[in-house]
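Q:
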Amino acid sequence: MRKALPAAIPFLIVTLAMEWLVREGWIKAFLVPPPSAVFRTMIGDAPELFAALAKTSIGALTGFALSAFGGIAIAVFLSSSRAIQRAFYPYAVFFQTVPIIAIAPLLVIWFGYGMRTVVASAFIVSIFPVIANTLDGILSTDPALRDLFRLYGASPSATLWKLRFPAALPQILTGLRIAGGLAVIGAIVGEFIGGQGLGSVVDVARTQQRTDKVFAAVLLASLLGLALFGFINILSRIALRRWHASEQN
Amino acid sequence: MTEAKTAGGVALRLHRIRRAFDDLVVIRDLTLNIDAGEFLAILGPSGCGKSTLLRILAGLLVPDGGTLDVTPTDAERRTAFVFQDAQLLPWRTVLENAALPLELMGVGRAERMARARASLAEVGLAEAESRYPAQLSGGMRMRVSLARALVVQPRLLLLDEPFAALDEITRFRLDVRLRDLWIERGMTVVFVTHSITEAAFLADRAVVLTRKGGGIKLDRRFALPRVRNNELRLSPQLAKEMQNLLDAMEEEA
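In the order they appear, the protein sequences are chains A and B. For the working numbering, add 161 to where a residue sits in the first sequence, where the first one is 1. For the working numbering, add 6 to where a residue sits in the second sequence, where the first one is 1.
Here's what the structure looks like:
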């Protein structure tokens, strides 16, 4: 609770300021709704919004899980030799550079309307940070430690799982933190086209000029991203607290 | 050139060893014999090839030319290396770190833990086995590193300025402990250091490398007692040996 307080104070100040600015007419309510209206919409449309949140959560979490496992597996594969890196890494970079909004219609053609398109979109958007961070962590293992493993005749597999992978864990977790937020963005983009979840709610509310509902849906999507971020922080705390400076303060 | 002898340790015969990194020749035509069971200190200015030589002896670097004969052969050699930094795995406990070489060599868990415990006891760290490296002082971390090296019962122990970053008292204690361990085990020790005092106190023989090309400026056997203690540090005999090393080092500086 005490840890959340510093973040809650700016939120409260901005919320109160927005309420005041809209009520006083400094900002038009049809452009930015007063927070009280957003809150009322969240209560009034709760069944619809939370059902949409549940769908978005499933899409984002599935895409994120695929990115996490797939990204780590791809990075381990890429780390096996420089030739493999040169041959395949550019294709991994493709996932970073691809404009998801441009290929989202293609995803619908490939995967149809619904969850599969949402998951694919979340996966494509979030996999690159996992690959890049994991690969960087695996490749930057201390050369002296690598020498130590060589000296005692460690197999490549033992070197990977007993040295390179644990040493890369802080960077892997950083990649997962970034991927968590991106997976939510990817899921929402996928839902714009794939037609479900919070993305669909935002799209429909936009056409009805219901900015209060757009804000309510965006707020829920942000909370989903925060929850995912918090979950990865807990994982990081468990994995690193005994040995890594980032979790020892 | 003297004939290398074999005893409990490993004998090494280097003949015209050369090693370069790109265009930079670090070691040029180095010939050196290290007897089995000998405690040899290697000194020299920065960049003279001390660490490169140590890595060649460990088999971590392949020389570009020359020959390195090791007796006994690879399978029986049991080489251990202690780095300048302790180089522990921070996610493992002290005990797991000490047991690491045995784990990599495929020794069963029960045996490797028992041997790691014994090795930690030898360096006075039996009480710290469940702690993590981040919870240890620099001196303790270095003792874990030493225990990790000793756990394989090495016949050749290579140390690359292992105590350079430690405070003087800790360093003195570890010097004495290392010397005692060498006497107990009869292994061959090659110790790279910048410290003239440490080289003269620890070793039976010191080699000073030339500034360029890893040639030998001075090769000297010390006339000092086998068992060393802190009283020896202030003795005229040690001062005399240090003077010889200092003269050679100054000429190469």
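Glycine residues also receive a C-beta, built at the ideal position from the N, C-alpha and C atoms. Values in this document were obtained by computation on a predicted structure and should not be read as measured data.
Can you pull the chain A neighbours of B/W97, defined as C-beta to C-beta under 9 Å?
A: P327, A328, L330, A400, L401, R403, W404 and H405
Q: On the DSSP letters alone, give me the boundaries of the beta strand (DSSP E) that B/V157 sits inside.
A: Membership of B/V157 in any beta strand (DSSP E) is not indicated, and neither H nor E is assigned to it by DSSP.
Q: What are the boundary residues of the beta strand (DSSP E) that includes B/R226?
A: Residues I222 to R227.
Q: Could you tell me the alpha carbon to alpha carbon distance between B/E9 and B/V113, rounded to whole angstroms?
A: Only weak support exists for where B/E9 lies, its pLDDT of 39 falling under 50; the coordinates are left without a value.
Q: Cutting at 7 Å between CB atoms, please list the residues of its own chain near A/S397, excluding the five before and the five after it.
A: For A/S397, where only same-chain residues beyond five positions count, the Cβ hits under 7 Å are L334 and E408.
Q: I think A/Y274 touches A/G355, with their Cβ atoms under 8 Å apart; what is that distance to the nearest whole Å?
A: Right, the Cβ-Cβ distance comes to about 5 Å (below 8 Å), so this counts as a contact.
Q: Could you give the distance in angstroms between the alpha-carbon of A/A189 and the alpha-carbon of A/A388?
A: The sequence shown places Lys at residue 189 of chain A, rather than the Ala named in the question. Near 32 Å, if we compare the C-alpha coordinates of A/A388 and A/K189.
Q: Using a beta-carbon distance below 9 Å, is B/Q249 in contact with chain A?
A: Not an interface residue.
Q: Are the C-beta of B/D28 and some C-beta of chain A separated by less than 9 Å?
A: no
Q: Let me know the alpha helix (DSSP H) ranges lying completely inside the segment 176 to 237 of chain A, each 4 residues or longer, listed in chain order.
A: 196 to 205
Q: Could you tell me the distance, in whole angstroms, from the CA atom of A/G391 to the CA atom of B/R154?
A: Taking the Cα positions, A/G391 is about 38 Å away from B/R154.
Q: Can you round the beta-carbon distance between A/A265 and A/V350 to whole angstroms, since I take them to be within the 8 Å contact cut?
A: Contact holds; Cβ gap of about 6 Å.
Q: Anything in chain B within Cβ reach of A/G314, meaning under 7 Å, just list it in chain order.
A: Per Cβ cutoff of 7 Å: L110 and M111.
Q: Note down, in chain order, every chain A residue with its Cβ under 8 Å from the Cβ of B/T85.
A: L312
Q: Name the chain A residues that come within less than 7 Å of B/P107, Cβ to Cβ?
A: Y313
Q: With 16 as the cutoff for other CB atoms within 10 Å, does A/R163 come out buried or exposed?
A: exposed
Q: Pick from A/F353, A/S316, A/L401 and A/N394: whose alpha carbon is nearest that of A/G220?
A: A/F353
Q: Would you tell me roughly how many angstroms separate the C-alpha atoms of B/F197 and B/G50, rounded to the nearest one?
A: 12 Å
Q: Determine whether the beta carbon atoms of B/Q243 and B/A229 lie at a separation below 9 Å.
A: In this structure, the beta-carbon distance from B/Q243 to B/A229 falls below 9 Å.
Q: Is any beta-carbon of chain A found at less than 9 Å from that of B/L66?
A: Chain A contact via Cβ: present.
Q: Taking the CB atoms as reference points, tell me whether A/V280 and A/T217 lie closer together than 9 Å.
A: When the beta-carbon positions are compared, A/V280 and A/T217 stay at least 9 Å from each other.
Q: Find out if the Cβ-Cβ distance for the pair B/L66, A/A319 is shorter than 9 Å.
A: no
Q: Can you tell me the Cα-Cα spacing of B/A120 and A/L312, whole angstroms?
A: 22 Å
Q: Can you tell which of B/S151, B/M248, B/T194 and B/A86 has the C-alpha that lies nearest to the C-alpha of B/T203?
A: B/M248
Q: Against B/A140, what residues of chain A qualify as contacts under a CB-to-CB distance less than 9 Å, listed in chain order?
A: Neighbourhood of B/A140 in chain A, by CB distance below 9 Å: R403, W404, H405, A406 and Q409, in chain order.
Q: Please state the DSSP three-state secondary structure of B/F27.
A: strand
Q: Using the Cα positions of A/A251 and A/S228, report the straight-line distance between them to the nearest angstrom.
A: First, the residue type needs correcting, since residue 251 of chain A is Pro and not Ala in the sequence shown. Here the alpha carbons of A/S228 and A/P251 stand approximately 17 Å from one another.
Q: Since B/D75 is in the beta strand (DSSP E), which residue starts that stretch and which ends it?
A: In this chain, the beta strand (DSSP E) harbouring B/D75 covers G71 to T77.
Q: How is B/A10 classed by DSSP in three states: helix, strand or coil?
A: Its pLDDT being 41, under 50, B/A10 is placed unreliably by the model, and the measurement read from it follows with that caveat. In this structure, B/A10 counts as coil in the three-state DSSP scheme.
Q: By how many angstroms is the C-alpha of A/A378 removed from the C-alpha of A/G360?
A: 8 Å
Q: Given a cut-off of 9 Å, decide if B/L163 and B/V195 are closer than it, judged by their beta-carbon atoms.
A: Between B/V195 and B/L163, the C-beta spacing is below 9 Å.
Q: Beta-carbon separation of B/L36 and B/G221 under 9 Å?
A: yes
Q: Taking 8 Å as the threshold, find out whether the segment 288 to 303 of chain A comes into contact with the segment 253 to 260 of chain A through three or more Cβ pairs.
A: yes
Q: Taking the alpha helix (DSSP H) that B/F169 falls in, what are its first and last residues?
A: No alpha helix (DSSP H) contains B/F169, which DSSP labels as neither H nor E.
Q: Taking the continuous alpha helix (DSSP H) assigned at A/V365, which residues delimit it?
A: G358 to T368
Q: Could you confirm whether any beta carbon from chain B is found closer than 9 Å to the beta carbon of A/L309?
A: yes
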